[in-house]
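Chemist:
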Amino acid sequence: MMQPDTQRPQTVSDDVTLMPPSRSPWAETWRLLRKNRVAFTGFIVFVLFFFIALAGMALTSGAHPVLDPAQVRLQEKLRPPLSAPKLDSLKPEEIPPLGRYVLGTDDLGRDVFARMLQGAWVSLTVGFVAVGISVAIGILLGGIAGYLGRYYIQLGHLIYWTLVVCAIFLALAQSLPAALLCTLGAGAGWLFYYRRRRHPDRPVAKGLRWLIWPAISVDALIVRLVDIMLCFPSFFLILTVVALLKPSLFNIMVVIGLTSWEGTTRFVRAEFLSLREQDFVAAARALGLSDLRIIFRHIMPNALAPVLVSATLGIASAMLTEAGLSFLGFGVPPPHATWGNILSDGKDYIFDAPWLTFAPGITILVVVLAFNLFGEGMRDILNPKLRERN
Amino acid sequence: MLSFLGRSLIQKLVTLFFVSVVSFLVIKLAPGQPSQIDPLNPKFTPEIVERIRKVYHLDQPLHVQYLLYYKDLFTGKVVSWRDERPVLGKIWERFLNSLPLFIVGTLLTWTFSFPVGIRSAIHRDGWYDKSTTLISYFLISIPGFFFAYILIILVVTKLNVPVIDMQTFGVTSASPLVHFMDRLWHLVLPSVLGATGGIAVLSRYVRSQMLEIIGQDYVRTAKAKGLDEDRVYYRHALRNALLPFVTMFGMILPGLIGGSVIIESIFSWPGMGRLAYEAILGRDYPVILTINFISAVLVLAGTLVSDLLYMVVDPRIRLE
Numbered sequence: 010m011m012q013p014d015t016q017r018p019q020t021v022s023d024d025v026t027l028m029p030p031s032r033s034p035w036a037e038t039w040r041l042l043r044k045n046r047v048a049f050t051g052f053i054v055f056v057l058f059f060f061i062a063l064a065g066m067a068l069t070s071g072a073h074p075v076l077d078p079a080q081v082r083l084q085e086k087l088r089p090p091l092s093a094p095k096l097d098s099l100k101p102e103e104i105p106p107l108g109r110y111v112l113g114t115d116d117l118g119r120d121v122f123a124r125m126l127q128g129a130w131v132s133l134t135v136g137f138v139a140v141g142i143s144v145a146i147g148i149l150l151g152g153i154a155g156y157l158g159r160y161y162i163q164l165g166h167l168i169y170w171t172l173v174v175c176a177i178f179l180a181l182a183q184s185l186p187a188a189l190l191c192t193l194g195a196g197a198g199w200l201f202y203y204r205r206r207r208h209p210d211r212p213v214a215k216g217l218r219w220l221i222w223p224a225i226s227v228d229a230l231i232v233r234l235v236d237i238m239l240c241f242p243s244f245f246l247i248l249t250v251v252a253l254l255k256p257s258l259f260n261i262m263v264v265i266g267l268t269s270w271e272g273t274t275r276f277v278r279a280e281f282l283s284l285r286e287q288d289f290v291a292a293a294r295a296l297g298l299s300d301l302r303i304i305f306r307h308i309m310p311n312a313l314a315p316v317l318v319s320a321t322l323g324i325a326s327a328m329l330t331e332a333g334l335s336f337l338g339f340g341v342p343p344p345h346a347t348w349g350n351i352l353s354d355g356k357d358y359i360f361d362a363p364w365l366t367f368a369p370g371i372t373i374l375v376v377v378l379a380f381n382l383f384g385e386g387m388r389d390i391l392n393p394k395l396r397e398r399n
Numbered sequence: 006m007l008s009f010l011g012r013s014l015i016q017k018l019v020t021l022f023f024v025s026v027v028s029f030l031v032i033k034l035a036p037g038q039p040s041q042i043d044p045l046n047p048k049f050t051p052e053i054v055e056r057i058r059k060v061y062h063l064d065q066p067l068h069v070q071y072l073l074y075y076k077d078l079f080t081g082k083v084v085s086w087r088d089e090r091p092v093l094g095k096i097w098e099r100f101l102n103s104l105p106l107f108i109v110g111t112l113l114t115w116t117f118s119f120p121v122g123i124r125s126a127i128h129r130d131g132w133y134d135k136s137t138t139l140i141s142y143f144l145i146s147i148p149g150f151f152f153a154y155i156l157i158i159l160v161v162t163k164l165n166v167p168v169i170d171m172q173t174f175g176v177t178s179a180s181p182l183v184h185f186m187d188r189l190w191h192l193v194l195p196s197v198l199g200a201t202g203g204i205a206v207l208s209r210y211v212r213s214q215m216l217e218i219i220g221q222d223y224v225r226t227a228k229a230k231g232l233d234e235d236r237v238y239y240r241h242a243l244r245n246a247l248l249p250f251v252t253m254f255g256m257i258l259p260g261l262i263g264g265s266v267i268i269e270s271i272f273s274w275p276g277m278g279r280l281a282y283e284a285i286l287g288r289d290y291p292v293i294l295t296i297n298f299i300s301a302v303l304v305l306a307g308t309l310v311s312d313l314l315y316m317v318v319d320p321r322i323r324l325e
């Protein structure tokens, strides 16, 4: 019989000899992360960057920021890094609070260090919001395709929803007769389904039987949707949409998010397909849990690790995309500084003021590299095959 | 086999139809009118704007515009709104410019990534593996145009070679040899830049593929038989590791259009990506739509080719 804990002297060695080391999954992941030096460095930079971005937002926003990224000092333009300001030519409010231009000044005499701090926050927001949108869409579509994929959509449903979408689009495009026609059609469809729901056992009239023909499975529909999205070259698509919508911080985040969910959808679907067949899901279903609860409480936590890894890599690529858009002149517009537009503004002064190119360039490189190394490291760490070996 | 081909062709045609609808809607429903691209120009009187809208069918309802555009596209009559030249001719001209860049870039990518990937897989966790891994991540993470500027500065200041555009201005009057060398020099930087990202990604992929095969039992058996290492790695392992890459041949086709916008902009290279960029700037809808359509066709053709290749190469694959 087991003795109560109070009577047994508990030491560390005792624990180790009695039972295999039991660690929570988080502790185990943390231990493996500590062992993987490259990934751990990436993680440190990741955390540092996060705090720098937070500090940057605190220091550079508000009506009277500590470090003003928008302060123009035309008499002090293109000063090299660490140069001291010429105090006699500056008004008191123009004097940089650090006493030096840590990263120099740009062509308008703005403090590059302050702009970089502001840019850290903006770049972080762009990356996180864009990836947040794409991951949300990916999880939703991938989850539906993987879990509910076997259900068939009836032809009538397809026509009904197409009509609804067409009606909305046509109303937006202000061609009212066509919109009215679509609305009428959709209304008829709604009536049909309303009556079917009211009297589910009544047989469908012979002339309308084609409406309940199972046209396509949910899974096939979503996979086709992904195929359609993959046909667009992604950077070209983002560029087109951003250019047509007029670049703004909001548009760029949303467009990058809305055009990069295919990868997440694909492997969330694959994860769900395999997890759906596992015993714990069958048990949950036997308990009578609702589909939504099974999806979000039981399957999702098991599928989350690879999603987080690809989200980390996605943030890195969103930051690079933002920099590329800035270079082509479609980046976040001027009141906000981002690393991308500091870098692309600096290219005109590359020989006279190389710090305008190298400061943001190297920062982007380091941060994106850290995200990539951390993400790839986590992919190895979360791989169960590797876990057994260590 | 034939039924697979027929079904996937139909599937791809349906996908293509939806792609054409989506791209048309995206462009047409975006705010802003192409007839008002230059509103401050005093020559754009309301009558002229009205005439432009009439000539380009912009006053018609959307679905009529859609049908008219694709009718024009398939009969080859689509014209650019900027200079009234046939779009297909314009794209073909730019395509010929992009082609050398694409070919050299692809060759560089495929010739460099395989040896690098194989070697780092064989010497796993050795110094070679670690350094190439780090370099790969470096190349993946560096913003393309930042890297391009560093290289341009290096080449222009150290080697004194002009690199912008396709050739040095006025070089056509020089001897053929000089002309040829000039073209070659202008090709080097953009294609190397285009290839670096590809090499970094592809060599990582080769490495992981090779690692997986090296861990297989039959490789251990081959080693245990006493075969020399080169024979095991290059005859037994490599052949099987190569399988997935066959499918990637199909996937290079779309690269013709996709990733070249930034590089062609940096080097003022008059290629497809640059054409697309200019069309976006000028709201030249026929050009944007046509390029989009062609690239969708390339993607779909690429997946079809890779499916077929896979079936030919790997007898275990049976696509029903």
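Residue numbers (the working numbering), protein chains in the order written: chain A, 10 to 399; chain B, 6 to 325.
Yeah, the Cβ is synthetic: ideal placement off N, Cα and C, and Gly gets one too.
1) Between the beta-carbon of A/Tyr169 and the beta-carbon of A/Val227, is there less than 8 angstroms?
2) Quick check: what's the CA-CA separation for A/Asp77 versus A/Met66?
3) Just the C-alpha distance for B/Phe107 and B/Lys228, rounded to the nearest angstrom, thanks.
4) Note down the Cα distance separating B/Leu14 from B/Pro66, rounded to an integer number of angstroms.
5) In three-state DSSP terms, what is B/Ser180?
6) Using a cut-off of 9 angstroms between C-beta atoms, extract the partners of B/Thr20 located in chain A.
7) Here's the rule: buried if 16 or more other CB atoms are within 10 angstroms of the residue's CB, otherwise exposed. What is A/Leu91?
8) Within a Cβ cutoff of 6 angstroms, which residues of the same chain sit near B/Thr201, ignoring the five residues on either side of it in sequence?
9) Does the beta carbon of B/Val27 sit closer than 8 angstroms to a beta carbon anywhere in chain C?
10) Which chain A residues are close to B/Tyr61, counting only those with a beta carbon under 8 angstroms from its beta carbon?
11) So, does the CB of B/Ile267 fall closer than 8 angstroms to a CB anywhere in chain A?
12) What's the call for A/Glu385, buried or exposed, on a 16-neighbour Cβ count within 10 Å?
13) Quick one: which residues of the segment 296 to 308 of chain B get their C-beta closer than 8 angstroms to a C-beta of chain A? List them in chain order.
14) Can you pull the chain B neighbours of A/Lys215, defined as C-beta to C-beta under 9 angstroms?
15) Skipping 5 residues on each side, what residues in its chain have a beta carbon closer than 8 angstroms to that of A/Ile162?
16) Is there a Cβ of chain B sitting closer than 8 angstroms to that of A/Val377, yes or no?
17) Given the structure, does A/Tyr203 come close to the ligand HEM, in the sense that its CB is under 7 angstroms from one of the ligand's heavy atoms?
18) Below 8 angstroms on the Cβ atoms is my contact criterion, and I expect B/Ile326 with B/Thr20 to pass it. Report the Cβ-Cβ distance as a whole number of Å.
19) Count the other C-beta atoms from every protein chain shown that fall within 10 angstroms of the C-beta of B/Ser213, then say buried if there are 16 or more, exposed otherwise.
20) By how many angstroms is the C-alpha of A/Glu102 removed from the C-alpha of B/Ser25?
21) Which residues mark the beginning and the end of the beta strand (DSSP E) in which A/Tyr161 is found?
22) Name the residue from B/Ile53, B/Ile267, B/Ala126 and B/Arg288 whose alpha carbon lies nearest to the alpha carbon of B/Arg279.
23) Could you tell me which chain A residues have their CB closer than 7 angstroms to the CB of B/Tyr154, listed as they occur along the chain?
24) Would you give the residue range spanned by the beta strand (DSSP E) that A/Ser226 belongs to?
25) The alpha helix (DSSP H) spanning B/Tyr154 covers which residue range?
26) If the cut is a Cβ gap below 8 angstroms, which residues of chain A does B/Ala35 touch?
27) From the DSSP output, in three-state form, read off B/Pro167 for me.
28) Answer with yes or no whether the minimum CB distance from B/Tyr210 to chain A is below 8 angstroms.
29) So, is B/Met6 buried or exposed, given that buried needs 16 or more other C-beta atoms within 10 angstroms?
30) Closer than 7 angstroms, Cβ to Cβ, to anything on chain A: give me those residues from the segment 271 to 285 of chain B, in chain order.
31) Please go through the same chain and pick out, in chain order, the residues whose beta-carbon is closer than 8 angstroms to the beta-carbon of A/Pro13, but skip the five residues on each side of it.
32) With a floor of 4 residues, list each alpha helix (DSSP H) that falls wholly inside the segment 251 to 317 of chain B, ordered by position along the chain.
33) Note down the Cα distance separating A/Ile308 from A/Leu200, rounded to an integer number of angstroms.
34) Only counting the same chain, and skipping five residues up and downstream in sequence, which positions put a Cβ closer than 7 angstroms to that of A/Thr15?
35) Using the Cα positions of B/Tyr239 and A/Lys255, report the straight-line distance between them to the nearest angstrom.
36) Please list the partners that B/Gly149 has in chain A, where partner means a Cβ-to-Cβ separation under 9 angstroms.
Modeler: Concretely, from the data shown:
1) Not a contact, by the Cβ cut-off of 8 angstroms.
2) 11 angstroms
3) 40 angstroms
4) If you draw a straight line from the Cα of B/Leu14 to the Cα of B/Pro66, it comes to about 31 angstroms.
5) coil
6) Arg233, Asp236, Ile237 and Cys240
7) exposed
8) Only Leu144 meet the Cβ criterion.
9) The structure shown contains no chain C; the protein chains it does contain are A and B.
10) Residues of chain A with a Cβ closer than 8 angstroms to the Cβ of B/Tyr61 do not exist, since the nearest Cβ in that chain sits about 17 angstroms away.
11) B/Ile267 counts as touching chain A.
12) buried
13) Ile296, Asn297, Ser300, Ala301, Val304 and Leu305
14) Around A/Lys215, no beta-carbon contact reaches into chain B at under 9 angstroms, the shortest distance being about 29 angstroms.
15) Pro223, Ala224, Ile225, Ser226, Val227 and Leu230
16) yes
17) Only the bare structure without any ligand can be found here, which leaves the ligand HEM out of the picture.
18) Here chain B has residues from 6 to 325 only, and residue 326 of chain B is not among them.
19) B/Ser213 is exposed by the Cβ-count criterion.
20) 56 angstroms
21) Tyr161 to Gln163
22) The shortest C-alpha separation from B/Arg279 is found at B/Ile267.
23) Lys356, Ile359 and Thr366
24) Pro223 to Ser226
25) Looking at the DSSP string, the run of the alpha helix (DSSP H) that includes B/Tyr154 is Gly149 to Leu159.
26) Val250, Leu253 and Leu254
27) coil
28) no
29) Exposed, since its Cβ has fewer than 16 Cβ neighbours within 10 Å.
30) Listed by position, the residues of the segment 271 to 285 of chain B near chain A (Cβ gap below 7 angstroms) are Ala281, Tyr282 and Ile285.
31) Because the pLDDT at A/Pro13 is just 48, under 50, the model does not fix this residue reliably, and the point stays unresolved.
32) Within the segment 251 to 317 of chain B, the complete alpha helix (DSSP H) runs of at least 4 residues are 266 to 271 and 277 to 286.
33) 36 angstroms
34) Any reading at A/Thr15 must be qualified, since the residue scores a pLDDT of 48, below 50, and its modelled position is unreliable; the value itself is stated next. Correct list: empty, nothing qualifies.
35) 53 angstroms
36) Leu329, Ala332, Gly333 and Phe336
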